[in-house]
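Scroll down for the structure; my scribbles are underneath it.
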Amino acid sequence: MSFVHIAHLTKRFGGHTAVGDVSFDVPRGSTLALLGPSGCGKTTILRCLAGLETPDAGIIEIGGNRVFDKVRNVDLMPEKRELGIVFQSYAVWPHMTVAENVAFPLKVRGMGAAERLARASKMLETVGLKGFESRSATLVSGGQQQRIALARALVHEPRLVLFDEALSNLDAQLREQMRLELRLLQERLGFTAIYVTHDQAEAFGLADTVVLMNHGTIETSGPARAVFARPATAFVARFFGMNVLDARMIGPVAGTPYVDVALNDRVTVRGIAGDGLDTNPGKTVLACIRKESVRADRVACDGALPGTIEAMSFLGVAEEYIVDISGVSLRATQPAAGFKRGDAVHAVMLSDDWIVLP
Ligand SMILES: Nc1ncnc2c1ncn2[C@@H]1O[C@H](COP(=O)(O)OP(=O)(O)OP(=O)(O)O)[C@@H](O)[C@H]1O
Ligand SMILES: [Mg+2]
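Residue numbering for the sequence shown follows the working numbering, starting at 11 and increasing by one per position.
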């Protein structure tokens, strides 16, 4: 059953459409990630949901309650929408103690001092900050401030929590740890979450469903694994950092889901035909493959294409190479193999890893 229902949401700023006719549902207790490049409208959608921005059209329902409906003139006040928000800037109040910060939403709701401090303590324990209650909120680290903001968003037990780039100020290790902790917290507390990020690893690490935005509209959406495995459009493929190459259709391979395409007059590859692909010979198409699906090898094997290392960069656990294959440049990410510029290699790629898009 869906807990959040958004239909035909539109928000314009002056002549600019920040969000254009966006619809999606979030099942109860699940996490949806709003993913996309800077300026694509992610924060605007969250602000519309929270009641901090008034949409120009559309319907928003939370827990079966219609909180916004342009046509019926419904627009519930933010504090009536019963949700928690965690922003990128922690917005921890410096003049309060840690416990006062966390207890604040309960104070606003008129809860007595003893009970709200007891609840704040319990929530601080949940986010791993037991014992920090009376500390000044500014005398803790950035990661701890982020947890305070999280505790404050969860303390009144909202059924919906909105996160806007909530972990992006943390160092890589803490971010990964918090990602796991958030998942566990959600399982324990059972809230529904919408998580805004431009970081694909974060979206996949946290969300059941991913909505990828492009210029205020939904480019693709679906279960996280499906969205990643089968990029629906060239925009998606580029956003996920795949190799996206101009190609010319040779034709379908009869009785299979494959097509053959030419990358230039010397290099031909076989790949899976994407949705809506025109397989007429000569058509201009795009051939896409993940960097991780291209491997440069010292020795030749069946189907490998001979090439030369054009450039390399060391990434720590992996190396990224640019491999020139008869005039076609492909990026490959693989465990460090120590290749240098000019080395002759063989590029191994599978037909199942190539996807050909219109
Ligand atoms: N208050 C505002 N007035 C005018 N334009 C705005 C306002 N808020 C957002 N915009 C514009 O709307 C578009 C969407 O902005 P939004 O903040 O939703 O993007 P975003 O996806 O959250 O980006 P980022 O990843 O950089 O945070 C942008 O072009 C932005 O400049
Ligand atoms: Mg934003």
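Using N, Cα and C, we set each Cβ at its ideal position, and we do this for glycine too.
- By the beta-carbon neighbour count (other beta carbons within 10 angstroms, threshold 16), N290 is exposed.
- When the Cα atoms are used, S131 and N111 turn out to be separated by approximately 11 Å.
- Considering only K140, T148 and A357, the residue with the shortest C-alpha distance to A161 is K140.
- Between the beta-carbon of A328 and that of V358 there is about 16 Å, and that puts the pair past the 8 Å contact cut.
- By the Cβ neighbour-count rule, E212 is buried, with 16 or more other Cβ atoms within 10 Å of its own.
- Counting the other CB atoms within 10 Å of its CB gives N83 a total below 16, which places it among the exposed residues.
- Here the alpha carbons of G25 and S339 stand approximately 41 Å from one another.
- C298 carries a strand assignment under DSSP once its states are collapsed to helix, strand and coil.
- Contact between the region 88-97 and the region 160-176 is present: 3 or more CB-CB pairs across the two stretches fall below 8 Å.
- Contact annotation: L255 and A321 have beta-carbon atoms that are not nearer than 9 Å.
- Taking 8 Å as the cut-off, one finds no heavy atom of ligand 1 near enough to the beta carbon of T64.
- Considering only L273, Q210, V220 and T107, the residue with the shortest C-alpha distance to T148 is T107.
- The beta carbon of T41 lies closer than 7 Å to those of Q196, A203, Y205, L216, A217 and D218 in the same chain, with the five residues before and after it left out.
- Judged by DSSP in its simplified three-state form, Q98 adopts coil rather than helix or strand.
- Counted as a single uninterrupted DSSP element, the alpha helix (DSSP H) harbouring R162 occupies residues G152 to L164.
- In this model, R145 and P104 are separated by some 11 Å (Cα to Cα).
- Distances taken from the Cβ of D334 to the heavy atoms of ligand 2 include none shorter than 8 Å.
- Secondary structure within the region 182-211: the beta strand (DSSP E) runs of 3 or more consecutive residues, fully enclosed, are 202-207 (chain order).
- Judged by DSSP secondary structure, A342 falls within the beta strand (DSSP E) whose first and last residues are V338 to P345.
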